[in-house]
Amino acid sequence: MNPRPERDGTVEVVIDRVDKVYPGGVAALRGVSLRIGRGMFGLLGPNGAGKTTLMRLVAALERPTRGEITVNGMSVTRRPSGVRRLLGYLPQDFRAYDKLTPREFLDYVALLKGLDDPRRRRREIELLLEQVGLGRSVRSRIGTFSGGMRQRLGIAQALLGEPPLLIVDEPTAGLDPEERIRFRNLLAELGLSRTIILSTHVVADVEHSCSELALLIEGRVAFRGTPDALISRAVGKVWEVEVDPGEADGVRATHRIVSSRVASGGGLALRVVGSEVPRAGARPVRPTLEDAYIAVVEEAAGLGK
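So this note's numbering is basically just the index in the sequence shown, starting at one, shifted up by 11.
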């Protein structure tokens with residue numbers, strides 16, 4: 012099959028019945044199947060769900076125990092080098108050399124990626140630094156960067172060589188709200204011309220950026236579809252109820268509390284997820300994506316009521 016990107020610059024990732032079992036019998040992934048095309052695709056799930064393992068498999072950094080993963084028809088197992096040439100990867104634990112400037116660091120990474128033409132390399136680096144909002148910081152040492160600036164540098168290094176597939180793993184972890192919004196907007200713009208897989212446990216990152224998503228729980232795909240389709244799974248399962256402070260534990264025993272606030276009458280106003288009415292006086296409310304995420308996680312864990 013032709014390994015080149017499609018005409019619009021994107022690629023297709025096909026994950027077919029993939030298992031990943033580590034030494035000792037620890038199963039990180041179990042029968043995962045997904046098909047991912049152009050735009051932003053969100054991989055959502057709790058910590059420890061197997062998201063990072065799946066990202067490393069797609070990036071050809073590890074091999075699946077069973078099953079197959081292809082990127083534009085190329086097997087990550089049989090042609091890992093070819094797959095890596097099609098992608099850029101921002102790992103969860105991205106690190107850079109603190110004593111270098113961003114320009115020096117990107118030049119070093121570009122050489123590792125085989126960008127040998129110095130003129131083309133310099134031009135691409137300058138364009139990328141502007142694109143990720145670091146154009147005014149080219150002479151600063153990376154050691155002085157904020158967390159958000161480091162993540163934007165991470166995206167820049169992933170974009171070197173103009174890969175049609177971008178894999179980003181927990182990119183907004185530890186960022187303040189302003190940096191998180193700036194980073195999400197940057198990813199959304201990049202998704203117009205390539206395939207992006209965004210792995211995160213932050214529901215808002217997916218809600219504001221992705222048109223398609225998968226929910227991974229304990230190594231299995233618990234949901235695959237649009238955000239609206241996931242929200243529809245929680246219709247009739249989200250409630251608001253006002254209780255006295257001493258009654259909150261009773262509600263918590265049967266329902267997952269999403270949020271609580273002090274009500275005007277001095278009690279607690281709870282937003283809860285569960286399939287049954289939590290108590291008399293509770294009223295159903297329209298679910299959000301976060302509500303739906305919690306509902307599916309609880310259902311998968313056998314805790315949904």
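We put the CB at the ideal spot given by N, CA and C, even for glycine.
Indicate the three-state DSSP secondary structure (helix, strand or coil) for residue i in the structure shown.
| i | result |
| --- | --- |
| T76 | coil |
| T81 | strand |
| T63 | helix |
| Y33 | strand |
| Y100 | strand |
| A225 | strand |
| A39 | strand |
| G50 | strand |
| F194 | helix |
| V262 | helix |
Evaluate residue i with the Cβ neighbour count: other Cβ atoms within 10 Å of its Cβ, from every protein chain shown; 16 or more gives buried, anything less gives exposed.
| i | result |
| --- | --- |
| D216 | buried |
| M12 | Residue placement at M12 is poorly supported in this model, since its pLDDT is 36, which falls under 50; the coordinates are not used for a value here. |
| G146 | exposed |
| R15 | Summary for R15: the model assigns pLDDT 44, below 50, so the residue's position carries little reliability; its value from the coordinates is reported in the next sentence. R15 should be labelled exposed. |
| Y108 | exposed |
| T64 | buried |
| N83 | buried |
Please list, in chain order, all residues of the same chain as residue i whose beta carbon is under 6 Å from its beta carbon, the five residues on each side excluded.
| i | result |
| --- | --- |
| V249 | V284, V296, P298 and D302 |
| D104 | none |
| G261 | none |
Taking a contact to mean a Cβ-Cβ separation below 7 Å, would you say residue i touches residue j in this structure?
| i | j | result |
| --- | --- | --- |
| L101 | A169 | yes |
| R195 | H212 | no |
| E79 | D27 | yes |
| E251 | G278 | no |
| V69 | P175 | no |
| V214 | L300 | yes |
| A38 | V32 | yes |
| F234 | V307 | yes |
| T206 | R49 | yes |
| G230 | L40 | yes |
Here's a check: name, in chain order, each residue in its chain whose Cβ is nearer than 7 Å to the Cβ of residue i, leaving out the five neighbours to either side.
| i | result |
| --- | --- |
| K316 | Confidence is the limiting factor: at K316 the pLDDT is only 43, short of 50, which leaves the residue's position unreliable, though a coordinate-based value still follows. Taken in chain order, the residues that qualify are T265, H266, G285, S286 and E287. |
| L123 | none |
If you measure from the CB of residue i, is any heavy atom of the ligand PLP nearer than 6 Å?
| i | result |
| --- | --- |
| V308 | Of the ligands one can find in the structure shown there are none, so the ligand PLP has no counterpart to examine. |
On the DSSP letters alone, give me the boundaries of the alpha helix (DSSP H) that residue i sits inside.
| i | result |
| --- | --- |
| Y119 | P113 to L123 |
Could you check where the beta strand (DSSP E) with residue i kicks off and where it finishes?
| i | result |
| --- | --- |
| G236 | R231 to G236 |
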